[in-house]
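> In my numbering, the protein residues as written are 8 to 180.
Glycine residues also receive a C-beta, built at the ideal position from the N, C-alpha and C atoms.
The structure is given below, and queries will be raised subsequently.
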């Protein structure tokens, strides 16, 4: 893929050692330790250009994220997705609360979709939440002020066709 190789060629000077301009001034990358990570389930080391293969000689394969990790991602970070959506909808006067059971249901669904289609890791959570909350997002100005509790039943109802259909789940990126 030409675009992938182009990106790799653009990264190469930075990884090999150069001077880059930042908001804090010029920074030399000669003595910077670069660590590359991502969801590379279909990639193999030979997909990297030889120059980058030499710059990243140690490779470690990690296990895919599961339900427990997704629950932590949805709840623990200060800027967790559930908090982001809660704050976003609060600007429209809609108070959204996620029950712990609903968060577990969202995590389980994200894991299932990742298993059946392309496993894109935690990025799946964003599109699952977006799909689940799209109706509330669009109707927020009309239903405000409102208090909505997201329950497992709500999650299953809004995402039933995605959970049930292999074909539809492919469209959730």
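Terminal residues of the continuous beta strand (DSSP E) containing residue 126?
Within the chain shown, residue 126 is the residue found at index 119, counting from 1. Run containing residue 126: none; DSSP gives neither H nor E here.
> Contact check, residue 156 vs residue 104 under 8 angstroms by CB: the rounded distance?
Position 149 of the chain shown, counted from the start, is the residue given in the question as residue 156. Position 97 of the chain shown, counted from the start, is the residue given in the question as residue 104. Contact flag correct, Cβ pair sits at about 5 angstroms.
> By alpha-carbon positions, which one of 137, 78 and 149 ends up nearest to residue 166?
Position 159 of the chain shown, counted from the first residue, corresponds to residue 166. Among 137, 78 and 149, the Cα nearest to that of residue 166 belongs to 137.
> Between which residues of its own chain and residue 175 is the CB-CB distance below 8 angstroms, once the five residues before and five after are set aside?
For the purposes of this step, residue 175 is identified with residue 168 of the chain shown, where counting begins at 1. Its pLDDT being 49, under 50, residue 175 is placed unreliably by the model, and the measurement read from it follows with that caveat. Same-chain partners within the cutoff: 168 and 169.
> Going by other Cβ atoms of all chains shown within 10 Å of its Cβ, with 16 needed for buried, is residue 21 buried or exposed?
The residue you call residue 21 lines up with position 14 of the chain shown. Its Cβ having fewer than 16 others within 10 Å, residue 21 is exposed.
> Quick test of the definition: if touching needs 3 or more C-beta pairs under 8 angstroms, does the region 148 to 162 touch the region 95 to 104?
A contact exists between the region 148 to 162 and the region 95 to 104.
> Indicate whether residue 62 and residue 23 have their beta-carbon atoms separated by less than 8 angstroms.
As a working mapping, residue 62 is identified with position 55 in the chain shown. As a working mapping, residue 23 is identified with position 16 in the chain shown. Yes. Within cutoff.
> Spatial neighbours of residue 35 within its chain, please: CB distance less than 6 angstroms, with the 5 preceding and 5 following residues excluded, ordered by chain position.
Residue mapping note: residue 35 aligns to position 28 of the chain shown, counting from 1. Hits under 6 angstroms: 26.
> Where in the region 60 to 118 do unbroken runs of the alpha helix (DSSP H), each at least 4 residues long, occur, reported from the N-terminal end onward?
Complete alpha helix (DSSP H) runs here, min 4: 74 to 82 and 88 to 97.
> Given a threshold of 16 other Cβ atoms within 10 Å of its Cβ, counted over all protein chains shown, does residue 89 qualify as buried or as exposed?
By one-based count along the chain shown, residue 89 stands at place 82. Result: buried.
> In the structure shown, what three-state DSSP assignment does residue 167 receive?
As a first step, residue 167 is located in the chain shown; it is residue number 160 there, counting from the start. If DSSP states are grouped into helix, strand and coil, residue 167 belongs with the helices.
> The alpha helix (DSSP H) spanning residue 13 covers which residue range?
Taking the chain shown and counting its residues from 1, the one referred to as residue 13 is at position 6. Where residue 13 is concerned, the enclosing alpha helix (DSSP H) stretches over 9 to 23.
> Would the beta-carbon of residue 81 fall within 8 angstroms of that of residue 113?
For the purposes of this step, residue 81 is taken as residue 74 along the chain shown, with counting starting at 1. For the purposes of this step, residue 113 is taken as residue 106 along the chain shown, with counting starting at 1. Closer than 8 angstroms, so yes.
> If I measure Cβ to Cβ from residue 162 and keep anything under 8 angstroms in the same chain, skipping five residues before and after, which residues do I get?
Translated into positions along the chain shown, residue 162 becomes position 155. Same-chain partners within the cutoff: 109, 112, 113, 116 and 139.
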